[in-house]
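Undergrad: Sequential numbering from 132 applies to the sequence shown in my numbering.
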Amino acid sequence: MRTRRSLLDLDDLTAEELNFIFERARSFEKQPAPKRLDGIACVNMFFEHSTRTFTSFNLAELRLGADVVNLAPKDLSLATKGESIEDTAITLHAMGVSVLVVRHTEAGLPARIAQAFDGHVINAGDGTHAHPTQALLDIHTLLEEFGDLHGRTVAIVGDVLHSRVANSTLRGVLRLGGNVVLVGPESFLPDAYAEPGVGVARDLDAVLGEVDAVILLRIQRERFAQLPLDERHYIAGYQLNRKRLLRLRPSTIVMHPGPYNRGVELDESVLTYAGWRYASQVMHGVAVRMAALDLIVNGITAC
Ligand code: NCD
132 MRTRRSLLDL
142 DDLTAEELNF
152 IFERARSFEK
162 QPAPKRLDGI
172 ACVNMFFEHS
182 TRTFTSFNLA
192 ELRLGADVVN
202 LAPKDLSLAT
212 KGESIEDTAI
222 TLHAMGVSVL
232 VVRHTEAGLP
242 ARIAQAFDGH
252 VINAGDGTHA
262 HPTQALLDIH
272 TLLEEFGDLH
282 GRTVAIVGDV
292 LHSRVANSTL
302 RGVLRLGGNV
312 VLVGPESFLP
322 DAYAEPGVGV
332 ARDLDAVLGE
342 VDAVILLRIQ
352 RERFAQLPLD
362 ERHYIAGYQL
372 NRKRLLRLRP
382 STIVMHPGPY
392 NRGVELDESV
402 LTYAGWRYAS
412 QVMHGVAVRM
422 AALDLIVNGI
432 TAC
């Protein structure tokens, strides 16, 4: 039975908790963190490839003094011995594990584990569904830049349909009072994405001069069998390149959850653009994950 706090999507966090995470992340970035996970066992279960998120969670747990175990799919007996994911979670709990950080190709799998596991489950990305800690680090990066998101517009560009980052970051921007314009071809961005506060646009050139931040997305080829459009057309319409950078206001920042594909959603000139914030996102990722772990395990506490 699920009796403890988990973080499966941003909706699991109240407004007060969101603020707590950003403030605590700021304080962790200023001074060495107290060992707030001392004696807490965390298991990272990444069933899908990950470089950034995996390393970032590891560093966050270690910096808070947790005991950390990493399981790759080949280490998980359920992969070969028929054990269900729920029974694996029960076993890990009996061993004293308190936190499971889970990434999986299947949307909803972390939620299923959370039903069986008497501990905390953190979703590190499930299929096309959600990626709450990426959203938190994206919002933290935006807040560090702009102070607050009221009246700000964020463009999310590219393969929105297959992006859990787009789903979660979009919710985060709306909750903090900002607006979102989604930009992409119909095969990557159905009209149905439009809602109050969220526009759908097809013409990237027309949008670039109107926004405060641009978040680029990778074409997530591992999530569909065949590219639904010609890649050259995609690049012609949606790649952020030297010419398109000139359309941005000088204060507009450009972000990407990574991994980025040079020559597809961006060209080399983006990597030297003054407003390119990729490294800041990655840096903030560690502190934000520390703050999220602190909140989920310890609740709202004084530092
Ligand atoms: C993203 C992911 O895996 O969802 N990357 C990340 O976690 N930083 C985005 C992607 O794979 O394109």
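Idealized CB from N, CA, C, for every residue including glycine.
Whose C-alpha, out of K166, R234, A245 and H224, is nearest the C-alpha of D143?
TA: If you number the sequence shown from 1, residue 143 lands on position 12. Nearest of K166, R234, A245 and H224 to D143, Cα basis: A245.
Undergrad: For M132, name the three-state secondary structure that DSSP assigns.
TA: For the purposes of this step, residue 132 is identified with residue 1 of the sequence shown, where counting begins at 1. Because the pLDDT of M132 is 44, which lies under 50, any placement of that residue in the model is unreliable, and the number read from its coordinates should be weighed accordingly. In this structure, M132 counts as coil in the three-state DSSP scheme.
Undergrad: Would the segment 416-423 count as touching the segment 262-273 if we require 3 or more Cβ pairs under 8 Å?
TA: Cβ pair count under 8 Å is three or more, so yes.
Undergrad: So, at 6 Å on beta carbons, what are the nonlocal neighbours of L141 in its own chain, with the 5 sequence-adjacent residues on each side left out?
TA: For the purposes of this step, residue 141 is taken as the residue at position 10 of the sequence shown. Correct list, in chain order: P263, A266, S299, R302 and G303.
Undergrad: Between which residues of its own chain and I253 is the CB-CB distance below 6 Å, once the five residues before and five after are set aside?
TA: Taking the first residue of the sequence shown as position 1, residue 253 is located at position 122. Excluding positions up to five away in sequence, the list reads L138 and V232.
Undergrad: Could I get the ranges of all uninterrupted alpha helix (DSSP H) runs contained in the segment 261-320, with 4 residues as the minimum, in chain order?
TA: Qualifying alpha helix (DSSP H) stretches, in chain order: 263-277 and 295-306.
Undergrad: Is the beta carbon of L168 less than 8 Å from the beta carbon of V428?
TA: Translated into positions along the sequence shown, residue 168 becomes position 37. Translated into positions along the sequence shown, residue 428 becomes position 297. Contact: yes.
Undergrad: Between Q265 and ligand 1, is the CB less than 7 Å from at least one heavy atom?
TA: Taking the sequence shown and counting its residues from 1, one reaches residue 265 at position 134. The answer is yes for Q265.
Undergrad: Do the CB positions of V296 and L424 come within less than 8 Å of each other?
TA: Reading the sequence shown from its first residue, position 165 is the one you call residue 296. Reading the sequence shown from its first residue, position 293 is the one you call residue 424. No.
Undergrad: Between the Cα of I384 and the Cα atoms of H251, V401, H260 and G368, which residue gives the shortest distance?
TA: Looking up residue 384 in the sequence shown gives position 253. Nearest option by C-alpha distance: V401.
Undergrad: Please list, following the chain, all residues that have a C-beta closer than 6 Å to any non-hydrogen atom of ligand 1.
TA: Counting every residue whose Cβ lies closer than 6 Å to a heavy atom of ligand 1, we get R183, T184, G256, H262, Q265, R295, V296, R349, Q351, P388 and G389.
Undergrad: Go to N189, then tell me how far its alpha helix (DSSP H) extends in each direction, as first and last residue.
TA: Residue 189 sits at position 58 when you count from the first residue of the sequence shown. Element bounds for N189: R183 to R194.
Undergrad: Keeping to the same chain, check which residues put their C-beta closer than 6 Å to that of T236; ignore five residues upstream and five downstream.
TA: For the purposes of this step, residue 236 is taken as residue 105 along the sequence shown, with counting starting at 1. Contacts found: E179 and G258.
Undergrad: Could you pull out every residue in the same chain whose Cβ sits closer than 7 Å to the Cβ of R373, ignoring the five residues on either side in sequence?
TA: The residue given as residue 373 occupies position 242 in the sequence shown. Contacts found: D398 and S400.
Undergrad: Let me confirm a value: M132 is counted as buried when at least 16 other C-beta atoms fall within 10 Å, else exposed. Which label applies?
TA: For the purposes of this step, residue 132 is taken as the residue at position 1 of the sequence shown. With a pLDDT of only 44 at M132, under 50, the local geometry of the prediction cannot be trusted, and the value read off the model is given with reservation. It counts as exposed.
Undergrad: In this structure, does DSSP put D257 in helix, strand or coil?
TA: In the sequence shown, counting from the first residue as 1, residue 257 sits at position 126. Strand.
Undergrad: Please classify G435: does DSSP put it in a helix, a strand, or coil?
TA: The chain is shown only over 132 to 434; residue 435 falls outside these bounds and no answer can be derived.
Undergrad: Grab the span of the beta strand (DSSP E) containing R234 for me, first residue to last.
TA: Taking the first residue of the sequence shown as 1, we reach residue 234 at position 103. V228 to H235 is the extent of the beta strand (DSSP E) around R234.
Undergrad: Does the segment 276-294 come within contact of the segment 311-323, defined as at least 3 CB pairs closer than 8 Å?
TA: Touching, yes, given that three or more Cβ pairs across the two stretches are closer than 8 Å.
Undergrad: Please report the distance separating the alpha-carbon of S215 from that of L426.
TA: Reading the sequence shown from its first residue, position 84 is the one you call residue 215. Reading the sequence shown from its first residue, position 295 is the one you call residue 426. Straight-line Cα distance between these residues: approximately 29 Å.
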